[in-house]
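These notes are about the structure you will find just below.
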Amino acid sequence: MQAYIREGEKRAAALGNRGPIRFTDTGELHPDIVEAYWRCGFYVFEGALRPEELSDIERDLHDIQERLPVEKGAALDSKGRPALAVDCAAPCLHWAKPLSDPWGGTDAANGRHPVKMHEPQAASDAPREVVFLILGSLQFSEASLRVYGHPGLLAVAAAINGPDFTPFNEALWIKEPGKGASVAWHQDGVTHWNSPDWDEGSHGFNFMGQLYGCTAANGVWVVPGSHKLGKIDIKALVDKAGSERLPDAVPIICAPGDVAMTNRQALHGSFANTSKDWRVTVNFGFHRRKSVLGVTAGGIHNAAATYDADRIRERARLIGYGIDARRRRFPDETPFVYKPHADEGLVYRWDDKAKAGLKDYNLLDLSI
11 MQAYIREGEK RAAALGNRGP IRFTDTGELH PDIVEAYWRC GFYVFEGALR PEELSDIERD
71 LHDIQERLPV EKGAALDSKG RPALAVDCAA PCLHWAKPLS DPWGGTDAAN GRHPVKMHEP
131 QAASDAPREV VFLILGSLQF SEASLRVYGH PGLLAVAAAI NGPDFTPFNE ALWIKEPGKG
191 ASVAWHQDGV THWNSPDWDE GSHGFNFMGQ LYGCTAANGV WVVPGSHKLG KIDIKALVDK
251 AGSERLPDAV PIICAPGDVA MTNRQALHGS FANTSKDWRV TVNFGFHRRK SVLGVTAGGI
311 HNAAATYDAD RIRERARLIG YGIDARRRRF PDETPFVYKP HADEGLVYRW DDKAKAGLKD
371 YNLLDLSI
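Letter by letter, the sequence shown follows residues 11 to 378 in the working numbering.
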């Protein structure tokens, strides 16, 4: 495994798909970034998150961890208070046995994880299960909401998916040292694989903001260029490789504050975190509007539904709240202007009423 990691790091370093967020003098995303993203299927924006917002995220993380149920199914946290998300209708907390692969080789998420990853032996004193994924995370972390309103990242979303881009979903990934579960090889996306207008961007992308950074040992691995190949026979690839260590995959390596952008159609996964390092990822994705409007989808992140303009508008209010929340925290920045809101004259203010209204907002995720 150590040799595999070293070789993967070398391949990743040679891709030329990392650097700061850059725009041209006319305000367009720099063509070098656009070329590298579409060539590789992912890009690492170095230093995108400010040191003070990393501190904000860490404070929220500690608060979230203190408020988690004492065990799966419990109603209280370790201090005897009602636990985080116990009153939510949406399934927000995802648990797994330490170092396990909870989805590989199962029917979870429409069976999109066909091969089980290696499951190392956890320490004898490890807990029975740990929370490794929190969905609907913006209702639990105002710092994450402010990242969601990041003007540079939203400008990237507009450049890649068009100025009328729509939300997908948001999550907080927590991979503790010696406990963090693996995520078996998979491609995101369900609805558009056989569409006549399918292309390499049909299922959108995810941003992955790194609180502590990520390494080859605890981070996501991607097969470069796989987002262009359509639906891949993952089991055949693993069988050919002789193990789940796919020979062409590379790790996404980030420092604290880096944000990776990963195409959802790219073949990707992560190994169990046997390293000594934490990985905490603020995850949020966006789609092209044309990939969502009028589409009947769901079933993985939300109930199946047909996404009309009203549904998209309601879900996109989170963008407006994120922009205003960030404006209040970082008044020195120029806020992003989200075109659909500007065109309709919609104004969103982040206040106590808005905060209360976020409960279960992820029931309206736009999952395709």
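A virtual CB, placed ideally from N, CA and C, is assigned to each residue, including glycine. If you're wondering where the values come from, they're calculated on a predicted model, not measured in any experiment.
- Residue state for Leu59 is assigned as coil, using DSSP reduced to three classes.
- According to DSSP, Arg289 shares a beta bridge with Lys185.
- Under DSSP, His196 takes part in a beta bridge, and its partners are His278.
- Residue pairing by DSSP puts Cys224 in a beta bridge opposite Cys264.
- For the region 128 to 161, the continuous beta strand (DSSP E) assignments of 3+ residues that do not extend past its boundaries occur at 140 to 145, in sequence order.
- Looking at the DSSP output, Arg28 sits in a beta bridge with Val54.
- Pairing Pro79 with Leu376 gives a Cβ-Cβ distance that is not under 7 Å.
- When the alpha-carbon of Thr225 is set against those of Val248, Ala246, Ile242 and Asp268, the nearest one is in Asp268.
- Under a 10 Å Cβ-count criterion, Asn120 is classified as exposed, with fewer than 16 other Cβ atoms of the shown protein chains found around its own Cβ.
- Just so you know, the alpha carbons of Asp370 and Lys363 end up roughly 14 Å apart.
- Note on the region 278 to 355: whole beta strand (DSSP E) runs with a minimum of 3 residues are 278 to 280 and 289 to 297, in chain order.
- Sixteen is the threshold: when 16 or more other Cβ atoms of the shown chains lie within 10 Å of the Cβ of Ala335, as they do, the residue is buried.
- Excluding the 5 residues flanking it on each side, Ala100 has same chain C-beta neighbours closer than 6 Å at Gly146, Asp370, Asn372 and Leu373, in chain order.
- Each residue's CA atom was taken as its position, placing Ile263 and Asn283 some 14 Å apart.
- Sequence-distant Cβ neighbours of Gly18 in its own chain, meaning closer than 8 Å and more than five residues away, are Ala226, Trp231, Ala259, Val260 and Pro261.
- Per the Cβ contact rule, the region 317 to 325 is in contact with the region 290 to 309 (3 or more Cβ pairs under 8 Å).
- As a beta-bridge residue in DSSP terms, Asn216 pairs with Thr272 and Gly295.
- Beyond the five residues adjoining it in sequence on each side, Ile242 comes within less than 8 Å, by CB distance, of Gln197, Ser236 and Leu277 in the same chain, given in chain order.
- The alpha carbon of His128 has as its nearest neighbour, out of Ser151, Ser212, Pro92 and Ala191, the alpha carbon of Ala191.
- Around the CB of Asn293, 16 or more other CB atoms lie within 10 Å, so the residue is classed as buried.
- Residue range Asp362 to Ala366 is occupied by the alpha helix (DSSP H) that includes Ala364.
- CA-to-CA, the gap between Val357 and Arg156 works out to about 17 Å.
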